[in-house]
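Quick note on our numbering: the sequence shown kicks off at 27 and runs consecutively. Using N, Cα and C, we set each Cβ at its ideal position, and we do this for glycine too.
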Amino acid sequence: MGVALLPGLRVVEVAQGVSGPLAGKYFAALGAEVLKVEPPAGDWARRAGPFPGDEPHPEKSGLFLYLNTGKQGITLNLDTATGGAILRRLLADADILIYGGPAGYLEARGLGPAVLAALNPRLVTVSITDFGEGGPYRDFRGGELIAQAVGGVLYLSGDPAREPLKVGGNTIQYLAGYLGFTGGLIAYYHAAATGEGQLVEVSLIESAVFAHHYANLEWAFKGEIKRRRRDQSPTYRTGDGGYVTLSIIYRDVYWPTLTRLIGRPDLMDDPRFKDQASRRDHWPEVDAILKDYFATQKAEEFYHRAQAARMPAGYLCTPPDLLTSPQYRARGFFQEIDHPVAGRLTYPGIPFKLDEVGWELGRAPLLGEHNAAVYCGRLGYSRDDLTILRDRDVI
Numbered sequence: 027m028g029v030a031l032l033p034g035l036r037v038v039e040v041a042q043g044v045s046g047p048l049a050g051k052y053f054a055a056l057g058a059e060v061l062k063v064e065p066p067a068g069d070w071a072r073r074a075g076p077f078p079g080d081e082p083h084p085e086k087s088g089l090f091l092y093l094n095t096g097k098q099g100i101t102l103n104l105d106t107a108t109g110g111a112i113l114r115r116l117l118a119d120a121d122i123l124i125y126g127g128p129a130g131y132l133e134a135r136g137l138g139p140a141v142l143a144a145l146n147p148r149l150v151t152v153s154i155t156d157f158g159e160g161g162p163y164r165d166f167r168g169g170e171l172i173a174q175a176v177g178g179v180l181y182l183s184g185d186p187a188r189e190p191l192k193v194g195g196n197t198i199q200y201l202a203g204y205l206g207f208t209g210g211l212i213a214y215y216h217a218a219a220t221g222e223g224q225l226v227e228v229s230l231i232e233s234a235v236f237a238h239h240y241a242n243l244e245w246a247f248k249g250e251i252k253r254r255r256r257d258q259s260p261t262y263r264t265g266d267g268g269y270v271t272l273s274i275i276y277r278d279v280y281w282p283t284l285t286r287l288i289g290r291p292d293l294m295d296d297p298r299f300k301d302q303a304s305r306r307d308h309w310p311e312v313d314a315i316l317k318d319y320f321a322t323q324k325a326e327e328f329y330h331r332a333q334a335a336r337m338p339a340g341y342l343c344t345p346p347d348l349l350t351s352p353q354y355r356a357r358g359f360f361q362e363i364d365h366p367v368a369g370r371l372t373y374p375g376i377p378f379k380l381d382e383v384g385w386e387l388g389r390a391p392l393l394g395e396h397n398a399a400v401y402c403g404r405l406g407y408s409r410d411d412l413t414i415l416r417d418r419d420v421i
């Protein structure tokens, strides 16, 4: 157990899905008090899975459990006037509000920037939306695939001879969550120094552009559109059913090492492969040689041989490979967390390490688990009041 770096920091999270909850997760990991506000039906991530035993259950979603570690949780219907009034009370002494959802949602419910600034001048609001809170596309529908397409990532992904491919998972949403966390933390320290809060905006499409800025620089500096190319980091099927990936192997600095590793030093004297430009011109021949070689190899064995020879190579890891990797184990990246409904499961940790901090992530909250503690203990409602609020679909 390490040192909590943000003790006393109060974060209210009004966000579902991936990006906003990930930002809140990082604040919680650093010791902040993060209160997750869910609609009465719960965050949609509770219904997304994966589920232990493949049995859907709102308290067993792997996505929700991972993204909401260490938080308190209440239910609150912001589509009701009472729900909006309660949220304003919670924000009156909060340091940070994390919002994730459609642009303009809070403003339409009387919680726009001007209202929040008057309510709490020190409040930092982190807004994570698909296209941003302004601009002609503000109200467009988005999502991961749309962000990758409109942000230019999709154009650069996949085999150049085929249609573009979506980068797996929710890469841009996770990046947006991380940017929301860092931007919010910077704005919090500014507010602590000056007493002035502010709005921190993160959009998925701008996060996507940020993720592959090198392509935009190529156009800006050279007037060229970067193309998909298979020869830069090709991937090969191995004899044991795995895959090996190689990094920019046609470069002169790597070619001698590769020829030795595959037992073909004769390729050094082949005029087709005499230099970097020649190997690129004769890439189909290089590709065919490597395909034949790797069809007889074991992926992980080659990975270790290549790395021992200082060759940038990798093998495609499955989840079991990650969990048993000596590197991740040595760094304590994965953690086991016990949950009263989902049970004891293994979770990925926080992707950065600090000298004095040992992560103790804590479990995700049950739906409405802290309603009594927050509404009665903090806001002064009675148990009878909670019953009335529940009957009126406020909580």
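Alpha carbon of residue i to alpha carbon of residue j, nearest angstrom
i, j, result
"Lys324", "Val60", "46 Å"
"Ile265", "Tyr319", "Strictly speaking, residue 265 in this sequence is Gly, with Ile absent from that position. Their Cα atoms are separated by approximately 9 Å."
"His296", "Arg286", "Position check: residue 296 holds Asp in this sequence, whereas His was assumed. Taking the straight line joining both Cα atoms gives about 14 Å."
"Leu405", "Asp121", "17 Å"
"Ile100", "Val400", "8 Å"
"Gly268", "Thr261", "10 Å"
"Ala74", "Gly221", "40 Å"
"Gly110", "Tyr131", "12 Å"
"Gly289", "Pro310", "19 Å"
"Ile421", "Pro66", "6 Å"
"Val141", "Arg148", "13 Å"
"Pro84", "Arg72", "5 Å"
"Arg164", "Glu326", "46 Å"
"Leu415", "Gly136", "20 Å"
"Phe299", "Ala332", "20 Å"
"Tyr215", "Gly403", "29 Å"
"Tyr407", "Thr108", "13 Å"
"Thr350", "Asp80", "23 Å"
"Leu243", "Gly209", "23 Å"
"Met27", "Asp381", "Any answer about Met27 is weak, because its pLDDT of 44 lies below 50 and its placement is not dependable; what the coordinates show is given next. Straight-line Cα distance between these residues: approximately 12 Å."
"Arg418", "Glu232", "40 Å"
"Pro366", "Glu395", "12 Å"
"Tyr179", "Tyr240", "Strictly speaking, residue 179 in this sequence is Val, with Tyr absent from that position. Going from the Cα of Val179 to the Cα of Tyr240 covers about 11 Å."
"Phe378", "Pro190", "31 Å"
Check whether residue i and residue j have beta carbons under 7 Å apart
i, j, result
"Val150", "Ala213", "yes"
"Leu93", "Ala58", "no"
"Ala202", "Ser45", "yes"
"Thr106", "Lys51", "no"
"Gly88", "Pro76", "yes"
"Gln502", "Ala234", "Only positions 27 to 421 of the chain appear in this structure, which leaves residue 502 out of reach."
"Phe53", "Val38", "no"
"Leu113", "Asn146", "no"
"Gly254", "Leu316", "According to the sequence shown, residue 254 is Arg rather than Gly. Against a cut-off of 7 Å, the Cβ pair of Leu316 and Arg254 comes out as no contact."
"Trp70", "Gln98", "no"
"Leu102", "Val152", "no"
"Pro139", "Leu230", "no"
"Gly369", "Phe359", "no"
"Ala8", "Phe207", "There is simply no residue 8 to check, as the chain begins at 27 and stops at 421 in what is shown."
"Ala129", "Glu170", "no"
"Val228", "Leu205", "yes"
DSSP-derived helix/strand/coil call for residue i
i, result
"Thr108", "helix"
"Ile239", "The question names Ile, yet the displayed sequence has His at residue 239. Looking at His239 - three-state DSSP - the assignment turns out to be helix."
"Glu423", "With the chain covering only 27 through 421, there is no way to say anything about residue 423."
"Asp411", "helix"
"Ile421", "coil"
"Asn146", "coil"
"Met27", "Note that Met27 scores 44 on pLDDT, short of 50, meaning its location in the model is unreliable; the coordinates nonetheless yield the value given after this. In the structure shown, Met27 sits in coil (DSSP, three-state: anything other than H, G, I, E or B)."
"Arg277", "coil"
"Thr283", "helix"
"Leu405", "coil"
"Arg36", "strand"
"Gly126", "strand"
"Arg115", "helix"
"Ile251", "coil"
"Arg135", "coil"
"Leu102", "coil"
"Glu395", "coil"
"Ser87", "coil"
"Glu222", "coil"
Whole-number beta carbon distance between residue j and residue i, since they are thought to touch under 8 Å
i, j, result
"Val279", "Ala339", "Actually they do not touch by this definition, with Cβ atoms about 14 Å apart."
"Gly177", "Ile154", "Contact doesn't hold; Cβ gap of about 14 Å is too wide."
"Leu91", "Val40", "Not confirmed; about 19 Å, so no contact."
"Leu392", "Tyr373", "No, Leu392 and Tyr373 are not in contact; Cβ-Cβ is about 17 Å, not under 8 Å."
"Gly168", "Asp185", "Not confirmed; about 26 Å, so no contact."
Just to confirm the assignment: which complete alpha helix (DSSP H) runs, minimum length 4, are found wholly within the segment 41 to 84? If only uninterrupted alpha helix (DSSP H) runs of at least 4 residues are considered, those enclosed by the segment 41 to 84 are 45 to 55.
Can you check the segment 286 to 317 for any alpha helix (DSSP H) of at least 4 residues that lies completely inside it and give the ranges in chain order? With a minimum length of 4 residues, the continuous alpha helix (DSSP H) runs that stay inside the segment 286 to 317 are 302 to 307.
Completely contained beta strand (DSSP E) runs for the segment 329 to 389, where each covers 3 or more residues: Runs found: 339 to 341, 361 to 365 and 369 to 373.
Complete beta strand (DSSP E) runs within the segment 148 to 219 (minimum length 3 residues, chain order): For secondary structure counted as the beta strand (DSSP E) over 3 or more consecutive residues, the segment 148 to 219 holds these complete runs in sequence order: 150 to 155.
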